[in-house]
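Structure, as structure tokens:
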Amino acid sequence: DGQRFQQLEIMQKAGRNCGHVELCEDHSTGRLVAVKAMPISWTGSSSKAFDEACPGETERPWQDAFVTQYLDKVANLDCVCEFVGFFWRRNDQTGVELCVVLSYCAGGDLFSWLERSVSLHGNERE
Numbered sequence: 194d195g196q197r198f199q200q201l202e203i204m205q206k207a208g209r210n211c212g213h214v215e216l217c218e219d220h221s222t223g224r225l226v227a228v229k230a231m232p233i234s235w236t237g238s239s240s241k242a243f244d245e246a247c248p249g250e251t252e253r254p255w256q257d258a259f260v261t262q263y264l265d266k267v268a269n270l271d272c273v274c275e276f277v278g279f280f281w282r283r284n285d286q287t288g289v290e291l292c293v294v295l296s297y298c299a300g301g302d303l304f305s306w307l308e309r310s311v312s313l314h315g316n317e318r319e
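In our numbering, each residue's number is its place in the sequence shown (first place is 1) plus 193.
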């Protein structure tokens with residue numbers, strides 16, 4: 194239920210897919226969470242729809258979310274952000290968005306850390 198998350202700020206914009214990452218408060222727990230909002234026009238309505246529409250894409254939003262969910266809930270790894278859930282919502286600018294909710298980790302995401310730490314860029318870094 195997306196109603197339980199109150200946006201505090203937009204932490205990062207994703208120009209490539211018109212999405213963004215929000216810092217939100219989870220009203221059910223009082224904790225800070227990161228909400229990655231991606232337009233359904235980019236993600237598609239399923240992993241299969243995304244793969245068919247974007248076969249050469251290096252980012253895989255559905256697989257990323259499912260792998261994170263698996264590593265957190267099934268493998269129970271402490272080094273992975275807690276997977277909180279998914280929800281859909283309507284955005285006046287981008288239409289329907291898929292929102293992936295993870296525990297908030299101060300300091301940014303893995304890609305930001307890599308950009309600060311590693312000199313390789315683009316496909317070389319992948």
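Note that beta-carbon positions come from the ideal geometry of N, C-alpha and C, so glycine has one too.
Pairwise C-alpha distance: residue j and residue i
{"i": "L201", "j": "E245", "result": "35 angstroms"}
{"i": "V267", "j": "V260", "result": "10 angstroms"}
{"i": "Q256", "j": "L291", "result": "13 angstroms"}
{"i": "G195", "j": "W281", "result": "7 angstroms"}
{"i": "A258", "j": "V293", "result": "7 angstroms"}
{"i": "Q199", "j": "P248", "result": "34 angstroms"}
{"i": "A207", "j": "H213", "result": "5 angstroms"}
{"i": "G163", "j": "G288", "result": "In the structure displayed, the chain extends from 194 to 319; residue 163 sits before or after that span and is not available."}
{"i": "E215", "j": "S296", "result": "12 angstroms"}
{"i": "I233", "j": "R283", "result": "10 angstroms"}
{"i": "C272", "j": "A242", "result": "30 angstroms"}
{"i": "Q205", "j": "C211", "result": "11 angstroms"}
{"i": "S221", "j": "F279", "result": "15 angstroms"}
{"i": "I203", "j": "V277", "result": "18 angstroms"}
Simplified DSSP assignment, three categories, for residue i
{"i": "E245", "result": "helix"}
{"i": "L264", "result": "helix"}
{"i": "S296", "result": "strand"}
{"i": "D257", "result": "helix"}
{"i": "G212", "result": "strand"}
{"i": "R283", "result": "strand"}
For residue i, the residue or residues it bridges with in DSSP
{"i": "V277", "result": "Answer by DSSP bridge pairing: none, since V277 is not bridged."}
{"i": "M231", "result": "L291"}
{"i": "D271", "result": "Per DSSP, none; premise fails for D271."}
{"i": "Q200", "result": "C217"}
Among the options, nearest to residue i - alpha-carbon criterion
{"i": "R197", "options": "M204, G212, Q205, R224", "result": "R224"}
{"i": "D219", "options": "G212, C211, H213, V228", "result": "V228"}
{"i": "S239", "options": "E250, P254, C211, N269", "result": "P254"}
{"i": "Q286", "options": "M231, S221, E250, Q262", "result": "M231"}
{"i": "W235", "options": "G278, Q262, L264, E250", "result": "E250"}
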